[in-house]
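Numbering (full-length UniProt numbering), first residue to last: 1 to 136. What follows is one structure encoded as structure tokens, with my remarks underneath.
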């Protein structure tokens with residue numbers, strides 16, 4: 001797994017943990033940075049901070065375009081995969097869009113249900129298609 005792939009996985013872990021604990025992801029991130037076991041990559045920090053900063057808009061987009069699914073009905077892992085992937089796809093223009101989608105779909109395949117990779121791929125691909133028209 002690439003350095004950025006590991007950073008994405010770590011960001012997902014932090015986002016997931018924060019949701020399960022009902023805490024701010026920035027608080028969990030701060031704890032992990034302070035503890036340094038394992039060390040937190042700068043890219044992980046950028047992803048978690050970006051998701052936290054744009055969380056309302058990200059959740060609004062996911063809710064709007066996830067046909068037949070509400071955020072509450074999605075598995076928690078999928079919600080956080082989509083949050084990380086949506087942030088990286090829409091707000092981090094230096095990363096190729098195809099790479100973003102591929103990496104988050106790969107994580108879905110490793111960590112979630114059998115249907116999750118297709119679901120994550122479909123929604124992120126839709127955001128890629130709509131990106132020029134989305135108000136960020």
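Quick reminder that beta carbons are idealized off the backbone N, C-alpha and C, glycines included. Computed from a predicted structure; not experimentally measured.
Which of the three DSSP states is assigned to residue i in this structure?
i           : result
residue 41  : coil
residue 2   : coil
residue 24  : coil
residue 68  : coil
residue 115 : coil
residue 63  : helix
residue 129 : helix
residue 54  : coil
residue 48  : helix
For residue i and residue j, which I take to be in contact (beta-carbon distance under 8 Å), what is that distance rounded to the nearest angstrom?
i          : j          : result
residue 91 : residue 50 : 6 Å
Give me the Cα-Cα distance between residue i and residue j, rounded to the nearest whole angstrom.
i           : j           : result
residue 29  : residue 5   : 17 Å
residue 46  : residue 115 : 28 Å
residue 99  : residue 35  : 30 Å
residue 120 : residue 108 : 7 Å
residue 102 : residue 95  : 12 Å
residue 132 : residue 89  : 12 Å
Starting from the Cα of residue i, find the closest Cα among the options and give me that residue.
i           : options        : result
residue 65  : 11, 8, 82      : 82
residue 12  : 24, 37, 58, 80 : 80
residue 10  : 21, 32, 69     : 32
residue 104 : 117, 75, 59    : 117
residue 3   : 22, 26, 21, 43 : 43
Using the Cβ count rule (16 or more neighbours within 10 Å means buried), how would you classify residue i?
i          : result
residue 84 : buried
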